[in-house]
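Peer 1: Per full-length UniProt numbering, the sequence shown starts with residue 1, numbered consecutively.
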Amino acid sequence: MNQRLTFSTVKDSVTGFIVRLIPILLLASLTLLSFWYLKKNILPELPTVARSKEHKPDYVFTEAKLTVLNLDGSTKYRLLGREFKHYEDDASIDVLKPQLRLFNKNAQPTTVRSETAHISGDLDIVELFKNVLVSRPDQINSAGLIINPFFKLNSEYLEVFINDDRLSTRLPVKIQRGESIVTATKGADYDNVSQSILMFGDVSGVIAPNNSFKR
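1. Note down the Cα distance separating Glu88 from Asp202, rounded to an integer number of angstroms.
2. Please classify Arg82 as buried or exposed, where buried requires at least 16 other C-beta atoms within 10 Å of its C-beta.
3. Name the DSSP bridge partner or partners of Phe200?
4. Identify, in the order they occur along the chain, each residue of the same chain with its Cβ nearer than 8 Å to the Cβ of Thr183, setting aside the five sequence neighbours on each side.
5. Does the Cβ-Cβ distance between Val134 and Leu167 come in under 8 Å?
6. Who are the near neighbours of Ala107 in its chain, counting only those whose CB is closer than 8 Å to its CB and skipping five residues on each side?
7. Can you say whether Thr67 is buried or exposed, counting buried as having 16 or more other CB atoms within 10 angstroms of its CB?
8. Mark Val60 as exposed unless 16 or more other C-beta atoms lie within 10 angstroms of its C-beta, in which case mark it buried.
9. DSSP beta-bridge partners for Asn148?
10. When DSSP labels each residue in this structure, what does Ser57 get in the three-state scheme?
11. How big is the Cα-Cα spacing for Tyr190 and Tyr77?
12. Span of the beta strand (DSSP E) holding Thr185?
13. Taking only the alpha-carbon atoms, compute the straight-line gap between Thr116 and Leu198 and give it to the nearest angstrom.
14. Compare the Cα-Cα distances from Lys186 to each of Lys53, Arg101, Val112 and Leu158 and report the closest residue.
15. By the DSSP assignment, the beta strand (DSSP E) with Ser168 in it spans what residues?
16. One question on the structure: do Val112 and Leu96 come within less than 8 Å of each other, judged by their Cβ atoms?
17. Specify, as a first and last residue, the run of the beta strand (DSSP E) that Phe84 falls within.
18. Span of the beta strand (DSSP E) holding Asp94?
19. Can you name, in chain order, every residue of its own chain whose Cβ lies under 6 Å from the Cβ of Leu123, other than the five neighbours on each side?
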């Protein structure tokens with residue numbers, strides 16, 4: 001039996017379809033409206049800007065001690081100070097009233113004092129300023145004889161290269177080794193391993209026997 005479509009039937013079908021479609025259209029409209037509102041009213045997340053580090057102390061220690069070791073665990077050097085200031089930008093350290101001790105298995109420890117000091121961020125270079133005094137006591141053998149006389153160096157500036165175990169200055173310097181006293185107008189290099197000294201500029205002084213200064 002064939003069903004005849006009338007205008008009324010078609011109209012009712014279309015009307016029903018539209019009625020069912022209205023909730024979907026309303027939901028879609030609400031979704032688009034919500035998305036537009038959020039996009040318009042919520043600020044986008046700003047990119048994170050890295051904070052530039054400033055050259056100012058991030059740590060300050062008083063009456064502190066810094067010890068740096070060799071790979072075998074032995075002490076390379078030890079630094080005492082009244083005040084340590086660590087800087088965040090380059091990891092360097094400023095020290096007030098430093099007392100630096102350099103350890104050498106072949107000789108007595110060498111002590112360096114000054115008014116202030118600056119340590120590089122990698123802890124390999126120590127600069128000392130004002131009233132610098134380097135000293136090492138006599139080295140005495142088992143028989144009580146001096147086999148390496150005491151050593152002193154005075155200057156207003158000194159640079160200590162820890163890895164090379166070498167001390168250097170280009171300011172006027174006074175050096176005493178045992179009974180020998182020598183001055184140099186343009187500084188000196190001191191090798192703490194071989195105990196040798198290389199002096200620069202005008203050199204003058206008194207050299208005792210068995211003391212070797214090089215110019």
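Glycine included, C-beta positions come from ideal geometry on N, C-alpha and C. Here the structure is a predicted model, which is why all the values come from computation and not from measurement.
Peer 2: For this structure:
1. When rounded, the distance between both Cα atoms is 42 Å.
2. Result: exposed.
3. Per DSSP, none; premise fails for Phe200.
4. Cβ neighbours of Thr183 beyond the five flanking positions: Pro172, Val173, Lys174, Ile175, Val203, Ser204 and Gly205.
5. Yes, Cβ-Cβ distance for Val134 and Leu167 is below 8 Å.
6. Hits under 8 Å: Arg136, Gln139, Asn148, Asn192 and Gln195.
7. In summary, Thr67 is exposed, with fewer than 16 beta-carbon neighbours lying within 10 Å of its beta-carbon over all protein chains present.
8. When all chains shown are included, Val60 counts as exposed.
9. Asn148 has Gln139 as its beta-bridge partners, per DSSP.
10. The amino acid occupying residue 57 in the given sequence is Pro; Ser does not appear at that position. Pro57 falls in the strand class under three-state DSSP.
11. Approximately 16 Å between the Cα atoms of the pair.
12. First-last for Thr185: undefined, no H or E at that position.
13. Roughly 25 Å between the two C-alpha positions.
14. Nearest of Lys53, Arg101, Val112 and Leu158 to Lys186, Cα basis: Leu158.
15. Membership of Ser168 in the beta strand (DSSP E) is indicated by the continuous run Arg166 to Thr169.
16. One thing to note: Val112 has its Cβ no nearer than 8 Å to the Cβ of Leu96.
17. Thr75 to Tyr87 is the extent of the beta strand (DSSP E) around Phe84.
18. Residues Ile93 to Leu96.
19. Result list for Leu123: Val68, in chain order.
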